[in-house]
Amino acid sequence: MSKRTGIVQDQRYLQHSAGAYHPESPQRLAAVHAMLNTPTMAQKFVQITPREATHKEIEMIHVPPYVEDIAETAGKDRVYLDPYTSTSPESYETAKLAVGGLLNAIDSVMQKTVDNVFALVRPPGHHAEYDSAAGFCIFNNAAIGALHAINKYNLKKILIVDWDLHHGNGTQHSFEDDPRVLYFSTHQYPYYPGTGSLQEVGRGKGEGYTINVPLSVGAN
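Position 195 of the sequence shown, counting from 1, maps to 196 under the working numbering, and the rest follow consecutively.
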């Protein structure tokens, strides 16, 4: 029996813009949408409809004052959250939709609607800390998703595999002292954001539940 794959996709994810010529652009996602919408891809996946996450859900990771700061950017042309991260008028709603899309993806797997799922959401999240944006990221989608799975479905163990050029500082920091979540990252090091060394293994009860595999330039 073939496995059913779900995909979270929505045109609203294209509304967030970090500025002209920014590497995290809507065009990256639009190219994937174009491929998925071809006749050869028809009937090959289950469409998962996203929703906007609530403040309560986002605040599983982020402190309320930070969430309110992001909410205040709604409708404003350009707000710089850090040197690499800015918002457009629709970014707040799109960031909530990114979190909610991932939560719906998790629910779809846990409720056996699909066997696995790929969430085509943006803005990304793994650099976002509990109280600040960073590295193109506004809300930490993966970290919020992990706590959602634990709290809603009483899961005992979660594995987050972060496969990226950059280390996911925000996701690691969210769970450094939490043995319920094993965070595994492979990334170029040293490189932005400067974290992710072999020596970072978690702390307290979470010691040993952070695993970093730093790679040199050009590793393959």
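Where is the CB? At the ideal position from N, CA and C, for every residue including glycine.
Looking only at its chain, what residues have a beta carbon closer than 7 Å to the beta carbon of residue i, apart from the 5 residues adjacent to it on each side?
i	result
T39	none
E60	V68
H34	Q10
I49	G7, I8, V9, N105, A106, S109, V118
T74	V80, T88, S92, Y93
A129	A135, C138, I139, F140, N141, G171
H174	E130
R204	E177, D178
L156	A150
I71	Y93, A96, I139
S198	Y190, N213, P215
Just list the residues that DSSP pairs residue i with in beta bridges.
i	result
L15	Its beta-bridge partners do not exist; DSSP assigns none.
L216	Q189
V202	According to DSSP, which records beta bridges pairwise, V202 is partnered with nothing at all.
N142	In DSSP, N142 forms no bridge with anything.
E130	S133
T114	T114 pairs with nothing; no bridge assigned.
V9	I49, A120
T196	Looking at the DSSP assignment, T196 forms no beta bridge with any residue, so it has no partner.
In its own chain, which residues sit with a C-beta less than 6 Å from the C-beta of residue i, not counting the 5 before and 5 after it?
i	result
N117	T6
D83	A134, A135
E115	The displayed chain sequence assigns Val, not Glu, to residue 115. Excluding residues within five positions, the ones whose Cβ falls inside 6 Å are R5, G7, V47, S109.
K97	E53, A54
I212	F185
V214	T187
K45	none
M111	Y154
E224	Nothing can be reported for residue 224: it is not among the residues displayed for the chain, which extend from 2 to 221.
CB-CB under 8 Å to residue i, same chain, minus the five flanking residues each way: which ones, in chain order?
i	result
L104	R52, A54, E58, I145, G146, H149
R79	G20, S87, T88, S89
V64	Y131, D132
K77	T88, P90
For residue i versus residue j, is the C-beta spacing smaller than 8 Å?
i	j	result
N141	T172	yes
G207	E177	yes
T187	L216	yes
V47	A106	no
D163	Y193	no
V13	T95	The sequence given here places Arg at residue 13; Val does not occur at that position. Yes, these two residues count as a Cβ contact at 8 Å.
Q189	V218	yes
R181	I161	no
G101	A120	no
Is residue i near the ligand SAM, judged by its Cβ being under 7 Å from some heavy atom?
i	result
L15	By its list of ligands, the structure shown contains no ligand whatsoever, and the ligand SAM lies outside what it can speak to.
With three or more beta-carbon pairs closer than 8 Å as the criterion, would you say the segment 128-143 touches the segment 81-95? yes
Minimum length 4: unbroken alpha helix (DSSP H) runs contained in the segment 152-192: 170-175
Would you check if the segment 113-129 and the segment 10-20 touch, i.e. whether three or more CB-CB distances between them fall below 8 Å? yes
Run through the segment 53-106 for me and flag every whole beta strand (DSSP E) of 3 or more residues, listed as ranges in chain order. 80-83, 86-88
Enumerate, from N- to C-terminal direction, the unbroken alpha helix (DSSP H) stretches of 4 or more residues contained entirely within the segment 24-52. 27-37
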